[in-house]
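Novice: What follows is a single structure, and I will ask about it in a moment.
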């Protein structure tokens with residue numbers, strides 16, 4: 001694939017509770033059914049999306065943070081541009097919230113939290129590493 005967006009460890013995917021979204025993307029990219037196991041799913045994730053950060057997972061390590069994307073943006077004082085649930089606006093809020101979260105709660109170091117999708121593998125100890 002020549003887009004440079006997938007299969008590229010130089011691209012960081014920043015999401016908010018996006019397990020189903022990645023399932024859909026993997027199904028489209030592979031032109032196949034999804035693997036039967038979480039381990040198989042995360043093996044494909046590591047290939048197609050080598051570096052993924054799920055903000056909903058990161059929030060588990062920040063005692064004062066809770067709620068959905070809009071609540072997180074409010075708590076972090078991230079200004080929304082545009083309407084909620086519109087792709088461009090949600091993408092910008094997600095990106096800005098990630099950088100603010102990274103700087104404010106993780107001293108700029110979030111590498112050990114990569115590869116976990118909230119609700120899929122964090123509770124089961126399965127990661128994409």
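In UniProt numbering, the protein residues as written are 1 to 129. C-beta: ideal position from N, C-alpha, C; glycine also.
Please name the residue, chosen from 34, 93 and 75, that lies closest to residue 81 on a Cα-to-Cα basis.
Specialist: Within the chain shown, numbered from 1, the residue matching residue 81 stands at position 81. The shortest Cα separation from residue 81 among 34, 93 and 75 belongs to 93.
Novice: Cβ atoms of residue 22 and residue 45: under 8 Å apart, would you say?
Specialist: The count along the chain shown starts at 1 and reaches residue 45 at position 45. The count along the chain shown starts at 1 and reaches residue 22 at position 22. Their beta carbons are under 8 Å apart, which means residue 45 touches residue 22 by this criterion.
Novice: Measuring alpha carbon to alpha carbon, tell me which residue in 4, 8, 15 and 10 is nearest residue 97.
Specialist: For the purposes of this step, residue 97 is taken as the residue at position 97 of the chain shown. For the residues 4, 8, 15 and 10, the minimum Cα distance to residue 97 belongs to 15.
Novice: Since residue 51 and residue 9 should fall inside the 8 Å C-beta cutoff, what is the C-beta to C-beta distance between them, to a whole number of angstroms?
Specialist: The count along the chain shown starts at 1 and reaches residue 51 at position 51. The count along the chain shown starts at 1 and reaches residue 9 at position 9. Rounded to the nearest angstrom, the Cβ distance from residue 51 to residue 9 is 6 Å, consistent with a contact under 8 Å.
Novice: Using 10 angstroms around the beta-carbon of residue 20, count the other beta-carbons present and answer buried if the total reaches 16, otherwise exposed.
Specialist: Position 20 of the chain shown holds residue 20. Residue 20 is exposed by the Cβ-count criterion.
Novice: Using 8 Å for Cβ pairs, my map puts residue 57 next to residue 116. What's the rounded Cβ distance?
Specialist: Here residue 57 refers to the residue found at position 57 of the chain shown. Here residue 116 refers to the residue found at position 116 of the chain shown. With 8 Å as the limit, residue 57 and residue 116 qualify as a contact, their Cβ atoms being about 5 Å apart.
Novice: Put residue 12 into one of helix, strand or coil per three-state DSSP.
Specialist: Within the chain shown, the letter at position 12 stands for residue 12. If DSSP states are grouped into helix, strand and coil, residue 12 belongs with the strands.
Novice: Can you list, in chain order, the residues of its chain whose CB lies under 8 Å from that of residue 119, leaving out five sequence neighbours each side?
Specialist: The sequence position of residue 119 within the chain shown is 119, counting from 1. The residues are 17, 19 and 56.
Novice: Considering only residues of the same chain and omitting the five flanking positions on each side of residue 124, which have a CB-CB separation below 8 Å?
Specialist: Locating residue 124 in the chain shown gives position 124, where the first residue counts as 1. For residue 124, the predicted model reports a pLDDT of 49, less than 50, meaning its position is unreliable; a value from the coordinates is still stated below. Excluding residues within five positions, the ones whose Cβ falls inside 8 Å are 38.
Novice: So what does DSSP say about residue 53, is it helix, strand or coil?
Specialist: By 1-based counting over the chain shown, the position of residue 53 is 53. Strand, per DSSP.
Novice: Buried or exposed: which applies to residue 54, given that a residue is buried once 16 or more other Cβ atoms fall within 10 Å of its Cβ?
Specialist: As a working note, residue 54 is residue 54 in the chain shown. By the neighbour-count rule (16 or more Cβ atoms within 10 Å), residue 54 is buried.
Novice: Leaving out five residues before and five after residue 62 in sequence, what residues of the same chain have Cβ atoms less than 6 Å from its Cβ?
Specialist: The sequence position of residue 62 within the chain shown is 62, counting from 1. Cβ neighbours of residue 62 beyond the five flanking positions: 105.
Novice: Under three-state DSSP, which class holds residue 96?
Specialist: For the purposes of this step, residue 96 is identified with residue 96 of the chain shown, where counting begins at 1. Helix at residue 96.
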